[in-house]
Amino acid sequence: MSVPGRRSSNFSRLLRHGFTDPSAAERLLDAPELSAVKTDPVLLDALGATADPDLALLGLVRLVEAQDPDERHVFLDTLVRAKPLRDRLLGVLGASEALGDHLARHPRDWHALVTYEAVDLHPGITEFEQGLAGAVDPVTLRVAYRRCLLSIAARDVCGTTDVAQAAAELADLATATLRAALAIASTAAPADAAMCRLAVVAMGKCGGHELNYVSDVDVIFVAEAADGADERKAMNAATRLASHLMRICSETNIEGTIWPVDANLRPEGRNGPLVRTLSSHLAYYQRWAKTWEFQALLKARPVAGDLALGEEYAEAVSPLVWQAAERDNFVADVQKMRRRVVDNIPAAQVERELKLGPGGLRDVEFAVQLLQLVHGRSDATLHSGSTLGALEALAAGGYVGRADAAQLDEAYRFLRAMEHRIQLYRLRRTHLVPQGEADLRRLGRSLGLRTDPVAELNRAWKRHAGVVRRLHEKIFYRPLLDAVAQLAPGEIRLSPKAAGQRLEALGYADPAAALRHLEALSSGVTRKAAIQRTLLPVLLGWFADSADPDAGLLGFRKVSDALGKTPWYLRLLRDEGAAAENLARVLSAGRLAPDLLLRAPEAVAILGDPEGLKPRGRDHLEQEVLAAVGRADTAEGAVASVRGVRRRELFRTAAADLISSYGTEENPAEQDPGALVDRVGNAVTDLNAATLAGALRATVRAQWGDELPTRFAVIGVGRFGGHELSYGSDADVLFVHEPREGVDEQEASRAANAVVAEMRRLLELPTTDPPLLIDVDLRPEGKSGPLVRTLASYAAYYRRWSLVWESQALLRAEPIAGDPDLGRRFIELADPLRYPAEGLGEDAVREIRRLKARMESERMPRGADPTLHAKLGRGGLSDVEWTVQLFQMQHGWAEPGLRTPRTREALAAAHAAGLIATEDAQTLDEAWVLATRVRNGVMLVRGRAGDTFPSDGRELAAVARYLGYDAGHVGDMLDDYRRTTRRARAVVEELFYGA
């Protein structure tokens, strides 16, 4: 007896052993029924090892009380002496209140836990059928079912079986139970049983061999008339047998219920007949079935009744299951079903929903089933009803990354273990994580979390749910599947014959060469080959959507040869659906982007990064370039690094331009061509400016150290200054310098000229990276003038000798690199020249018009079609730019908006100032954007600059695709171009020439 006011040592000992109510535990241990064992230390240790020691002790006392006096002695003696029984029995009593109730009602069932032989460790259907053999009615069947369930739960909570094995045992017990129930029903109606052949086909988790403790057992009934029986009467008899079987298992009696038998997965659901013939099933599936019904059939498994008929059913529906992925919108249908399930969860329960909530069990199951249906058409190793078995097969086949599969496997096992223990407590069908502290503590301890069970459980649960949510979104929704699912049967493995036919149908110009590429990419048993076999059918379709599928496939082979042994490359393409489609677009749209990529294939990583296609700003690029220059030992090495950065950024810009122009399955094509032009112009201008800054720093550092004897600035003019460069544009610049204090002017001039010469040499050295050509022809006196002048020399020249065209050239002047203060002062010098006070005089206007007319007649290439020349042709770039520049020089002094080097900004400002009518401004802008896009498209397609549409048919078609025209609409493209530029020329005639 404990001393009042002091806690007994026994009280403290009970606390240490995990009891939450030591006082109640002391009273239970003092019960006379436990007097023989209460002082035995092994009993207290065993109770303390359970999920809920208080619950286990209460259940033990109730069980001992229910024993006959003679049996009680045997039971207690065995309990103390036999550790297997002790661990199993107390483990069950501490985890399941419902099984504790069963043992109290049926106290001799503890014997079911005594046997500890090999066959007892892993029982199957045969052993469970033996366990149910004595059941003759629904009551005795329930008692026998619970007795078998005791042994499954005991192995589960003691760790003898893992969660997958426990789920398989539960499915085997359900199989044996359905057979016993059908036998009881057949015994009750022997005439019905004789009249028909009835097969019970398990679906869902029972069919997949992964049942829960308490779950609906989904079934489909198939029946045929017995020999000589009338089919209609036989089907009625089969329906009565099936209905009786369902009642035997589902109805509640004195021993409770087993589980509901659910036949709603049958054709037409609850509105359809409960039982159908095999031919009726097939007729429905072939004509009326929806996508979800084929997904459900993945787990169909004959379990009871006429197993031969059940196997016939399974064999007949199997081909239909593996053809389901060919249905229109298959993947979208499955994804919609998943979203509907989530949407139907009450908002208050979403965060506690273990099965259907985000990051729950259904996420894993749906993702695995979708992958099975898509890829199982040509890979029989994926034909598994078990989620974990299918996941393992998917990983082995390269359809899911090994690391992803391992994480999903671990998370699914943990979540299923949680679900098992939640249901085991009261044997109720639920997927909600409990909220009470005691329930969470018992749940955590049942999973082996003992230090701080509630906190550890919540952390582990959230971690695993987070893994599932992340990987489910990555696998279940990845766009690759949608494309794979739309392919015809047999293509995933690409036999030579099938591939050749497919290639010809897709318009590959050289199927023989394409087949060689495919063979090189897909043959072999390596993981790389397996992944590429999965990707190739999708890529072929994307290539075929371009103007040059052959180039796309050849490019993919080259990239794959270069990067195929790097794990991240194939993982990127397989797991990031956008990356694969982006690569396909880039490789098949022309020569420029693939050429840039193949010079440094690792740049393919840009295509999988959501931020990767966004252009880097000038500050970011200049910082990277100058850092690279600082690390180099020589000027040549420094500029080589700089040109490498430029090549990478050119690829980024070209890839983004192509992908935005073509559009992808997730993101439609950019509808604003002006935005595309501005994006390219800004990006190329910024990277060329950063390149010049790097070359300048490298040149100065190599010859003069930290400081040049003269201040030096690079001024961008033409398209460079206007931020309107295209991929093939030269860098139009002016060089200006100013001797530092105390430096001789001749020395400063020699240094400045040496810098210019060295920069040009370094940027044009033959390497694998594209050169950057520096063009200084817009300098004062043109080609006859010096390459570099002092600021004072520029001022003197412009003050005395400047021609109108030289002032016009300054309209797009902007400092690009070098001394920022010197660049600013150059612009201050230029402003009065390009925006003359009170505008241009009549003589200057006539001179500008004369120069423009002369350029049109003299500079147009011989034989070129003036209606299709993007730069000098009718309504082309030159027409629009000279018109806008005339307005800038005439009105820029009075309209600040016109003081911009950018053509489109100046045009918009002229419109805003009322100088150009709305329709005229739109016409000019549309023509300028279209002509610029044609030049960009030609460079992207041919890999070299051009101002006219290509003459080669395939190249012309590629430019059309870039401009948004579907295949076969090249003529429409040319007609639209002529129409747009013709309208623009009419505006130019009026606004520029005053016609």
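Reading the sequence shown from the start, the letters are residues 9 to 1003 in the working numbering. Just so you know, even glycine gets a beta-carbon here, dropped at the ideal spot from N, CA and C. No experiment lies behind these values; they were computed from the predicted model shown.
Q: Reducing DSSP to helix, strand and coil, say where residue 745 ends up.
A: Three-state DSSP puts residue 745 in a strand.
Q: Work out the CA separation of residue 675 and residue 27 for me, nearest whole Å.
A: 59 Å
Q | Residue ranges of each alpha helix (DSSP H) within the segment 81–140, 4 or longer | A | 91–103, 105–113, 126–129, 133–139
Q. Hey, how far is the Cα of residue 522 from the Cα of residue 528?
A. 10 Å
Q.
If we require 4 or more residues per run, which alpha helix (DSSP H) segments fall completely within the segment 703–768?
A. Inside the segment 703–768, DSSP marks whole alpha helix (DSSP H) runs of 4 or more residues at positions 726–729, from first to last along the chain.
(Q) Quick check: the Cα distance between residue 440 and residue 209, rounded to an integer number of angstroms? (A) 29 Å
**Q.** Buried/exposed call for residue 583, threshold 16 Cβ in 10 Å
**A.** buried
Q.
With DSSP as the reference, identify every bridge partner of residue 214, one or two as the case may be.
A. DSSP, once it has assigned bridges, lists no residue as partnering residue 214.
Q: Report yes or no: do three or more beta-carbon pairs, one from the segment 276–294 and one from the segment 258–267, lie closer than 8 Å?
A: no
Q.
Let me check understanding here. Comparing Cα to Cα, which of 181, 198, 243, 201 lies closest to residue 225?
A. 181
Q. Whose C-alpha, out of 470, 283, 310, 150, is nearest the C-alpha of residue 215?
A. 310
Q: Apply the 10 Å Cβ neighbour rule to residue 1001 and answer buried if 16 or more other Cβ atoms are within range, or exposed otherwise.
A: exposed
Q: Identify, in the order they occur along the chain, each residue of the same chain with its Cβ nearer than 6 Å to the Cβ of residue 420, setting aside the five sequence neighbours on each side.
A: 372
Q. What three-state label does DSSP hand residue 590 in the structure shown?
A. helix
Q) What did DSSP end up calling residue 488 once you bin it into helix, strand or coil? A) Low per-residue confidence applies at residue 488: pLDDT is 31, beneath 50, and the placement is therefore not dependable enough to give any value.
Q: Measure the C-alpha to C-alpha separation of residue 787 and residue 824 and round it to an integer number of angstroms.
A: 15 Å
(Q) Please return the same chain residues whose Cβ sits closer than 7 Å to the Cβ of residue 835, not counting the five positions on each side in sequence. (A) 821, 823
Q) With which residues is residue 5 paired in a DSSP beta bridge? A) Because the chain is modelled from 9 through 1003, residue 5 falls outside the range shown and cannot be assessed.
(Q) Taking DSSP's pairing of strands, which residues face residue 229 in a bridge? (A) 208, 283
(Q) Going residue by residue through the segment 266–321, where are the continuous beta strand (DSSP E) segments of at least 3 residues, counting only ones entirely within it? (A) 309–313
Q | For residue 519, the first and last residue of its enclosing beta strand (DSSP E) | A | First-last for residue 519: 519–530, but that is the alpha helix (DSSP H), not the beta strand (DSSP E).
Q) Can you tell me whether residue 602 is buried or exposed, with buried defined as 16 or more other CB within 10 angstroms of its CB? A) Taking all protein chains in view, the Cβ of residue 602 is crowded by 16 or more other Cβ atoms within 10 Å, so the residue is classified as buried.
Q) Where do the N-terminal and C-terminal ends of the beta strand (DSSP E) with residue 41 fall, by residue? A) Premise fails: residue 41 is in no beta strand (DSSP E) and is neither H nor E.
Q: Kindly identify the DSSP beta-bridge partner or partners of residue 783.
A: In DSSP, residue 783 forms a bridge with 740.
Q | Those residues which DSSP pairs with residue 798 across a bridge | A | 745
Q: Please state whether DSSP places residue 239 in a helix, a strand or coil.
A: Residue 239: helix per DSSP, three-state reduction.
Q: Identify, in the order they occur along the chain, each residue of the same chain with its Cβ nearer than 7 Å to the Cβ of residue 945, setting aside the five sequence neighbours on each side.
A: 967, 970, 971, listed in sequence order.
(Q) What does the Cβ neighbour count give for residue 431, buried or exposed, with the cut at 16 atoms within 10 Å? (A) buried
Q.
Check whether the segment 937–951 and the segment 874–886 touch, using three or more Cβ-Cβ pairs below 8 Å as the test.
A. yes
Q) Hey, out of 329, 317, 321, whose CA is closest to residue 301's CA? A) 329
Q: Using 10 angstroms around the beta-carbon of residue 138, count the other beta-carbons present and answer buried if the total reaches 16, otherwise exposed.
A: exposed
Q: Could you name the residues of the same chain whose beta carbon sits closer than 7 Å to that of residue 730, not counting the 5 residues immediately before and after it, in chain order?
A: 820, 909, 910, 911
Q) Cα separation between residue 654 and residue 733? A) Straight-line Cα distance between these residues: approximately 14 Å.
Q. DSSP on residue 198, reduced to helix/strand/coil?
A. In the structure shown, residue 198 falls within a helical segment according to DSSP collapsed to helix, strand and coil.
Q) Among the residues of its own chain, which have a CB less than 7 Å from the CB of residue 188, if the five just before and after it don't count? A) Excluding sequence neighbours, residue 188 sits near 140, 143, 149.
Q: Tell me residue 440's beta-bridge partners as DSSP assigns them.
A: DSSP lists 361 as partners of residue 440.
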